[in-house]
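Let me begin by presenting the structure, written as structure tokens, before commenting on it.
There are 2 protein chains.
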Amino acid sequence: MADEPQERPGRSAQRTDVRRLPEKQVRDVAALHAILDEAVVASVGIAVDGQPFVLPMACARDGDHLLLHGSTGSRLMRAIAAGTPICVSVTHLDGLVYARSAFESSMRYRSATVLGVATAVPADERLHALEVLTEHLLPGRWAELRAPHAKELAATSVLRVPLAEWSVKVGAGFGDDPDEDLDEPVWAGMLPMRVTYGDPVDAPDLGPGRPVPGHVTGLPDPGQG
Amino acid sequence: MADEPQERPGRSAQRTDVRRLPEKQVRDVAALHAILDEAVVASVGIAVDGQPFVLPMACARDGDHLLLHGSTGSRLMRAIAAGTPICVSVTHLDGLVYARSAFESSMRYRSATVLGVATAVPADERLHALEVLTEHLLPGRWAELRAPHAKELAATSVLRVPLAEWSVKVGAGFGDDPDEDLDEPVWAGMLPMRVTYGDPVDAPDLGPGRPVPGHVTGLPDPGQG
Chain F
1 MADEPQERPG RSAQRTDVRR LPEKQVRDVA ALHAILDEAV VASVGIAVDG
51 QPFVLPMACA RDGDHLLLHG STGSRLMRAI AAGTPICVSV THLDGLVYAR
101 SAFESSMRYR SATVLGVATA VPADERLHAL EVLTEHLLPG RWAELRAPHA
151 KELAATSVLR VPLAEWSVKV GAGFGDDPDE DLDEPVWAGM LPMRVTYGDP
201 VDAPDLGPGR PVPGHVTGLP DPGQG
Chain Y
226 MADEPQERPG RSAQRTDVRR LPEKQVRDVA ALHAILDEAV VASVGIAVDG
276 QPFVLPMACA RDGDHLLLHG STGSRLMRAI AAGTPICVSV THLDGLVYAR
326 SAFESSMRYR SATVLGVATA VPADERLHAL EVLTEHLLPG RWAELRAPHA
376 KELAATSVLR VPLAEWSVKV GAGFGDDPDE DLDEPVWAGM LPMRVTYGDP
426 VDAPDLGPGR PVPGHVTGLP DPGQG
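In the order they appear, the protein sequences are chains F and Y. The first sequence stops at residue 225 when you use the numbering used here, and every number in between is there. The second sequence stops at residue 450 when you use the numbering used here, and every number in between is there.
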């Protein structure tokens, strides 16, 4: 577990290097962790006979690994578990950037890329992995749920990929307008974007005496916790 | 342009087929368009020598094509423009689903996958493509901006991929708890998620007499327009 900010000029200096706009690259592992910890879904890329596929998968960081959760039996999940190289991508959009020209207009974002090979979490660690995933996606929920049945654990496929080869790219600030555009008669600035939670909705088959728990009503919006 | 709802049992019945949970598959092209039109960034997968990469790229639908925008000169952009097969993935998260067990807990989402080969938008159509992208990302902005300079158009790389081979998957509803779990002493339901815009922020170098335009202050949240 390496939650302290640190430089990672190692493997991150290779295939994951940001060759375009390298000033946007961030080498701080705490930034990687923050981006992953704000995500509940990651885009997982895999190539099969040269054809790329990108799958949205539930994700949760467990120390210096990223857990990925999907359905047992999917052919792409099987290919991933068999050791086919993957690329995991997470991007958070933080705002629309209005520059003085279409060309300089852009977005604020934080983006993480992880390259690696995933392995299936072995059966004796699957309960822990399911707890980490559940607590990441639904914080506070694990303690009030019944324990998973053995057949549920057997039917749960969790993969993990080490956070060893990665890059982080951040687009911040405002439009980088050239001097000759600064007098254009238009507003320039940024419109922030964020993900927010609405009001909880009861399941239609919810019985009486089961109020919405505080860990749901009080769940901070993603990235605000 | 095919904005009318219609069945697409053609190529979408092949490589993009949803083999897991096929009841979640949607074959209506209007659903595809709605998912793409709510996105400003897509995850674009490409394989280079068996190694997958996933790139976040700005996107905008132009009829029955999806435009993708990145930096000229990136090696992956060049590979995409050279005809390497790609996979475009867009996922919107609509809520966290609290079932009575960790196993049945899930998310509400709408996800689109497009397989295909991208081509560079030719120079004489690039102004149109830049207008479509700008108006999609910053609705109402194009009319008030100066025209792009020729050198800006030359430095703008826009790709497009036909919306021919695709699939849409939607996770809706609540947890699918088995009968024996319905008496579990826990709340069950759904916590909605959505993307919202905050208050616009002026650029630090904004001159006087340039108020925030109505198309920014009045921009509806994504998916609400």
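Idealized CB from N, CA, C, for every residue including glycine.
DSSP places H33/F in the uninterrupted alpha helix (DSSP H) bounded by V29 to D37. The way I'd put it, the region 282-296 of chain Y doesn't touch the region 325-336 of chain Y; fewer than three beta-carbon pairs between them come closer than 8 Å. A direct Cα-Cα distance of roughly 45 Å separates D28/F from L206/F. For V383/Y, the CB contacts under 8 Å within the same chain, skipping 5 residues up- and downstream, are L292, L293, H294, A345, V346, R351, A354, L355 and L358 in chain order. Between E38/F and G218/F, the CB-CB gap reaches or exceeds 7 Å.
At a C-beta separation below 9 Å, L159/F has no neighbours in chain Y, since its nearest C-beta there lies roughly 15 Å away. Taking a Cβ-Cβ threshold of 7 Å, the residues of chain Y close to C87/F are P277, F278 and V279, in chain order. Residue-level contact by beta carbon fails for V395/Y and chain F, as no gap is shorter than 7 Å.
For A81/F, the enclosing alpha helix (DSSP H) starts and ends at R75 to A81.
By DSSP's assignment, A58/F forms a beta bridge with V41/F and H69/F.
Against chain Y, a Cβ distance below 7 Å from R141/F picks out Y323. For I46/F, the neighbours in chain Y by C-beta distance under 7 Å run, in chain order, P277.
Beta-bridge pairing by DSSP links D202/F to G414/Y. Here the C-alpha atom of D221/F lies approximately 38 Å from the C-alpha atom of D183/F. Rounded to the nearest whole angstrom, the CA to CA distance from A34/F to V44/F is 18 Å.
Within the region 192-206 of chain F, contact with chain Y at the beta-carbon level (separation under 8 Å) is assigned to P192, M193, R194, V195, T196, Y197, G198, D199, P200, V201, D202, A203, P204, D205 and L206.
If you check the CB distance, Q276/Y and P85/F come in under 7 Å. Taking a cut-off of 8 Å on C-beta distances, the region 181-195 of chain F does not touch the region 387-407 of chain Y, as fewer than three cross pairs fall below it.
Comparing alpha carbon positions, the residue from L280/Y, Q250/Y and T381/Y closest to C312/Y is L280/Y. Put simply, the backbone Cα of V426/Y is about 8 Å away from that of P192/F.
Take the alpha-carbon of M415/Y and the one of M57/F: they are about 19 Å apart. A distance below 6 Å between beta-carbons, with the five flanking residues on each side excluded, links S336/Y to the following residues of its chain, in chain order: T316 and K394.
CA-to-CA, the gap between A413/Y and R325/Y works out to about 6 Å. Along the region 346-365 of chain Y, going in chain order, the ones with a CB nearer than 9 Å to a CB of chain F are L355, E356, L358, T359, L362 and L363.
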